[in-house]
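**Q** Each residue of the sequence shown is one higher than the last, beginning at 25 in my numbering.
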Amino acid sequence: MKKVVVLGGGGFIGGHLAKRLKDDGNQVTVCDIKDHEYWDSNTICDKFIVGDLRDPSIVSSVISTDTDEVYQLAADMGGAGYLFTGDNDANVMHNSSLINLNVIHECTKKLVKKVFYSSSACVYPEHNQLDPNNPNCEESSVYPASPDSEYGWEKLYSERLFLAFNKNYGIDVRIGRFHNIFGPMGTWSGGKEKVPAAICRKTAEASNSVEVWGDGLQTRSFLYIDECVEAVIKLMESDFMGPVNIGSQEMVSINELAQMVIDISGKDISIQNIQGQTFVDKYGFNCPEGVRGRNSDNRLYKEKIGWAVSQPLRIGLEQTYRWINQEVNSPRH
Ligand code: NAD
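Have a look at this one:
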């Protein structure tokens, strides 16, 4: 049994990760600025601290000298509608940087044995993601750096921050670059939801058509949450520091993703592609499309960890659609 701390455990990935670590028999403390939206805290951890990790005194109270491992997932975060309009850039950079500065400093001071940092596919240069059929997200392609969002720049800065603390103070770090993680118990409305959840919600609500931002030919890959959690745990157990991709290599266009969800729903509805960039959709959100193509490159993870994700996208989407459909149609909403 290890004493572990999951920062951002009130959120989507952190909640699932904390629950898995607790189910595995570890003693889990979670800190987040808010309670988990869907899970009772006893389900995912032994102790849930509501606190703002931008405040060093909170970070100091959460991480102790007997903490074995820290998983740092807290970030000012959202989907394309939140991160790529530019409207939240200052907050995203300021809030997430402060959290990361506090966390790695405190972990080093308290001699935490190992720290996981959740980076993102958004660190990769825009110029390698212009061709939707052939994007390059190999780990080594990240430099010379040119992410397409301030969110990506902050992630890249914080990767370097964690690596610098490793280099100068010897703290053991692991860095995973997540590529579009999805699944139940995550944000599905309100503007911070990501594309699989948004499309599941729109499909659950639709009687005629489902709006997809842009021409729908932009490509992405999506990793189901259980496989993401497994990949994080295996990375932590390995000797490899990263940064390494944690994603799926099953690349689909956004229209293909939407069609898969529509098929799962069994509804007789169509896809309506709406103009991206400056267009405002019927929910009042800007419609940024992001890069044209993005896919995870899992060769390095496979080589270093000796394991690979394998679940087809459709299976995870079935579980996610079932959950969101229930949320959309349940009385509490
Ligand atoms: P999420 O928004 O559900 O979780 C982040 C959590 O951080 C939230 O619960 C939020 O309340 C918390 N948080 C924000 N500011 C805080 C503060 N000042 N103090 C304490 N807690 C604070 O997002 P997620 O999808 O679970 O992502 C987890 C991590 O993985 C993030 O760092 C994110 O950038 C990274 N990531 C996620 C994806 C993805 O597809 N979901 C992709 C790439 C990277």
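Don't be surprised by glycine CBs; every beta carbon is placed ideally from N, CA and C.
Please read these numbers as outputs of a predicted model, since none were measured by experiment.
Have a look at I57, Y175, V30 and N126 and flag the residue whose alpha-carbon is nearest the alpha-carbon of G314.
**A** Y175
**Q** Taking only three categories from DSSP, how would you classify N158?
**A** If DSSP states are grouped into helix, strand and coil, N158 belongs with coil.
**Q** Would you check whether the ligand NAD has a heavy atom nearer than 6 Å to the C-beta of L185?
**A** no
**Q** In or out: E61 buried (at least 16 other Cβ within 10 Å) or exposed?
**A** With fewer than 16 other CB atoms across the displayed protein chains lying within 10 angstroms of its CB, E61 is exposed.
**Q** For L324 and G271, I'd like the C-alpha separation in whole angstroms.
**A** 12 Å
**Q** Give a yes or no on whether the C-beta atoms belonging to K46 and E93 are separated by under 7 Å.
**A** Not closer than 7 Å, so no.
**Q** Below 8 Å CB to CB, which residues in the same chain sit around Q51 once its five sequence neighbours on both sides are set aside?
**A** M25, K26, K27, V28 and D70
**Q** Counting only runs that start and end within the region 197-251, where is the beta strand (DSSP E) found for 3 or more residues in a row?
**A** 233-237
**Q** Look up N297 in the DSSP assignment and say whether it is helix, strand or coil.
**A** strand
**Q** What three-state label does DSSP hand I195 in the structure shown?
**A** Coil at I195, not helix or strand.
**Q** For the candidate residues L122, W237 and S231, whose alpha-carbon lies nearest to that of A222?
**A** Nearest of L122, W237 and S231 to A222, Cα basis: W237.
**Q** Between R318 and T243, how many whole angstroms is the CB-CB distance? I'm expecting something under 8 Å.
**A** Their Cβ separation, rounded to whole angstroms, is 7 Å, which keeps R318 and T243 in contact under 8 Å.
**Q** Should F140 be listed as close to the ligand NAD, given that the test is whether its C-beta is under 6 Å from any heavy atom?
**A** no
**Q** Are the region 211-218 and the region 119-128 touching, with three or more C-beta to C-beta distances below 8 Å?
**A** The region 211-218 makes no contact with the region 119-128; the number of CB pairs closer than 8 Å stays below 3.
**Q** Is there contact here, the region 249-267 with the region 70-85, by at least three beta-carbon pairs under 8 Å?
**A** no
**Q** From the DSSP output, read off the bridge partner residues of T132.
**A** None, per the DSSP bridge assignment.
**Q** Quick check on the DSSP output: the alpha helix (DSSP H) that includes I37 runs from which residue to which?
**A** Per DSSP, I37 belongs to the alpha helix (DSSP H) from F36 to D47.
**Q** Is any heavy atom of the ligand NAD found at a distance shorter than 6 Å from the C-beta of I278?
**A** Exclusion of I278 from the 6 Å shell around the ligand NAD follows from its C-beta lying no nearer than that to any non-hydrogen atom of the ligand.
**Q** In the structure shown, what three-state DSSP assignment does I257 receive?
**A** Helix, per DSSP.
**Q** Any chance the CB of I205 is under 6 Å from a heavy atom of the ligand NAD?
**A** yes
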